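Notes to accompany the following structure.
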Amino acid sequence: MTDAALPRSAPTRAPIREATAWDRLKTNRNWLGFWFMVPAAAFLILFLAYPLGLGIWLSFTDTRIGRPGEFIGIENYEWVLGDRKFQDAVFNTLFYTTIASIAKFAIGLYLAILLNHHLPFKAMIRAIVLIPFIVPTVLSAIAFWWIFDPTFSIISWTLKEMGWRTTNINFLGDAWNARWSVIFANVWRGVPFIAITLLAGLQTVPPSLYEAATLDGATRWQMFRHITYPLLTPIIAVVMTFSVLFTFTDFQLIKVLTNGGPAGATELMATMSYNTAILGGKIGEGAAISTAMIPFLLGAIMISWFGLQRRKWQQGED
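Read left to right, the sequence shown gives residues 240 to 557 (my numbering).
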């Protein structure tokens, strides 16, 4: 009997193994995206979520520098809400944020529209506009500290030389003068960010829309109202959100320029939290002040994203 006549057994199939996570990683884009997000998520948890959670926990304790605290409930918040200095700090923060944000948006939008036109040396002008934003905040604050100096202020000297004043202006020694001075410094620093960002948005608007509006006899205001503003609304929402957040949590400018003075006239919630927790040693109370800022920041984000981003705003409706 030859080998060819012998019956042949059917080939055996290899057992089907279950796909592992590594196999899914190689074939499933969702898993691949997940692993790419892990480093960013770890970074956010380590440097944002953990400090935030720790600060909230400390706000419910009586922790002091050099001494671990015990859980005391909402006593720190009861003290904060009843403290006159904290109420003044809330007023100063809201006033400072509102006026500075409105001024930065108005000036920044005007500069963006101006720089969007064909101007000589436009590239150089754009670079010059960015200088206040590039300069470190502390250096800007020191420069303004000299500008607003009660004795050597260049503003007071100029006004006296022109015969408009006979005495120096007490910029940082008077309550309202100090408030307007720090707002001016903040606007000077924040306008470039808004102007350049809105300028980038203006460059995406098709010129054909303006040409069609011109042929229809539209005025400049009508073109701005029905073309420029609706198309810029998403960018305005993002820019103003960041502007409000940066202004509300401003610390360096106030700390260097006035340190909250005179008599707490420029004390913001951020500087009060630092002075209470670090300089005063009351970590729990300082953490409570910082935590009290969260509802205001969430409110600003809500107004921006759920208000300015509504569809009818983008369509130019009322």
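C-beta atoms are modelled at their ideal positions from N, C-alpha and C, and glycine is treated no differently. Only a predicted model underlies this, so the values are computations on that prediction, with no experimental measurement involved.
Residue i - DSSP class collapsed to helix/strand/coil
i, result
"R404", "coil"
"M240", "Annotation note: pLDDT 49 at M240 (below 50); position unreliable, coordinate value reported separately. M240 falls in the coil class under three-state DSSP."
"V374", "coil"
"H561", "Nothing about residue 561 can be reported from this structure: the residues present for the chain run from 240 to 557 only."
"T515", "helix"
"E506", "coil"
"S392", "coil"
"P446", "helix"
"L369", "helix"
"F334", "helix"
"L411", "coil"
"G294", "helix"
Residues bridged to residue i (per DSSP)
i, result
"T300", "F310"
"K343", "For K343, which the question treats as bridged, DSSP gives no partner whatsoever."
"K521", "R303"
Test item: CB-CB of residue i and residue j under 8 angstroms
i, j, result
"A526", "L285", "no"
"R418", "F535", "no"
"T497", "I540", "no"
Nearest-angstrom Cα separation, counted from residue j out to residue i
i, j, result
"G292", "T488", "18 angstroms"
"I474", "A509", "27 angstroms"
"I311", "D301", "7 angstroms"
"Y468", "L537", "25 angstroms"
"G440", "L471", "6 angstroms"
"A504", "F410", "12 angstroms"
"K343", "F275", "37 angstroms"
"G520", "I304", "5 angstroms"
"W427", "A457", "34 angstroms"
"F432", "L454", "34 angstroms"
"A362", "L492", "29 angstroms"
"A452", "V430", "29 angstroms"
"L287", "N416", "36 angstroms"
"P371", "S379", "8 angstroms"
Contacting residues, own chain, Cβ-Cβ under 6 angstroms from residue i (five flanking each side not counted)
i, result
"W385", "none"
"L350", "A434"
"S340", "S482, V483, T486"
"L448", "I466"
Own chain partners of residue i with C-beta closer than 8 angstroms, once the 5 adjacent residues on each side are dropped
i, result
"G294", "A526, S529, T530"
Contact set for residue i: own chain, Cβ-Cβ below 7 angstroms, skip 5 residues either direction
i, result
"G523", "L297, S298, T300, D301, T302, G308, N315"
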